[in-house]
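Asker: Okay, handing you the structure first.
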Amino acid sequence: MSNPIPMTILLVEDDEVDIMNVKRAFKKNNISNPLVIAHNGVEALEVLRSTATDAPKPRIVLLDLNMPRMGGIEFLKEIRQDPELSSLSVFVMTTSNEDGDKIDAFNLNVAGYILKPLSMDRFISAVSTLKSYWTLCEYPE
């Protein structure tokens, strides 16, 4: 059995504290997947559409909804219309408990919707569940 290269994960988050929390939760869960950071939807699209071939393209996106320039729902609409990006697994991590946001997100095929701020312990446990999910999933080469 070959040891697959760990999947690159794209974190789309404008809040530095939340970025640090994600990194901390990854460390606590021994998640060694490369983590690429984008601070809004526009930056995230640049990362995903970049033609530089030196780095593997992210296959999993952790997405905040409330961001400047391009919010999460707008970003989701954009990637779902793009044949190159439409199959990305996207997990929303947001402070928005609005039913409208949840409905919009699930209508745009998100893999999960996680409400923050969780306590650090609950957040670490949520990230552990994500790790189980993407470790179990078989992705095409």
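Under this note's numbering, think of the first position of the sequence shown as 435, with each following residue one higher.
Glycine included, each C-beta is placed from N, C-alpha and C at the ideal position.
Name, in chain order, the residues that DSSP records as bridge partners for residue 443.
Answerer: As a position in the sequence shown, residue 443 is number 9, starting the count at 1. Note: residue 443 sits in a beta bridge opposite 469 and 494.
Asker: Is the beta carbon of residue 444 sitting closer than 8 Å to the one on residue 481?
Answerer: The residue labelled residue 444 in the question sits at position 10 within the sequence shown. The residue labelled residue 481 in the question sits at position 47 within the sequence shown. Yes. Within cutoff.
Asker: In whole angstroms, what separates the C-alpha of residue 435 from that of residue 463?
Answerer: Against the sequence shown, residue 435 aligns to sequence position 1. Against the sequence shown, residue 463 aligns to sequence position 29. Since pLDDT at residue 435 reaches only 45, below the 50 mark, its modelled position is unreliable, and the value read off the structure follows with that caveat. Each residue's Cα considered, the two are about 24 Å apart.
Asker: Between which residues of its own chain and residue 567 is the CB-CB distance below 8 Å, once the five residues before and five after are set aside?
Answerer: Here residue 567 refers to the residue found at position 133 of the sequence shown. So the list reads 545 and 546, once near-sequence residues are dropped.
Asker: Can you look up residue 437 in the DSSP assignment and give me helix, strand or coil?
Answerer: Along the sequence shown, read from residue 1 onward, the residue named residue 437 stands at position 3. Only weak support is given to the placement of residue 437: the predicted model assigns it a pLDDT of 49, under 50, and the value that follows is read from those uncertain coordinates. Three-state result, residue 437: coil.
Asker: So what does residue 528 bridge to, in DSSP terms?
Answerer: Here the question's residue 528 lines up with position 94 in the sequence shown. 549, per the DSSP bridge assignment.
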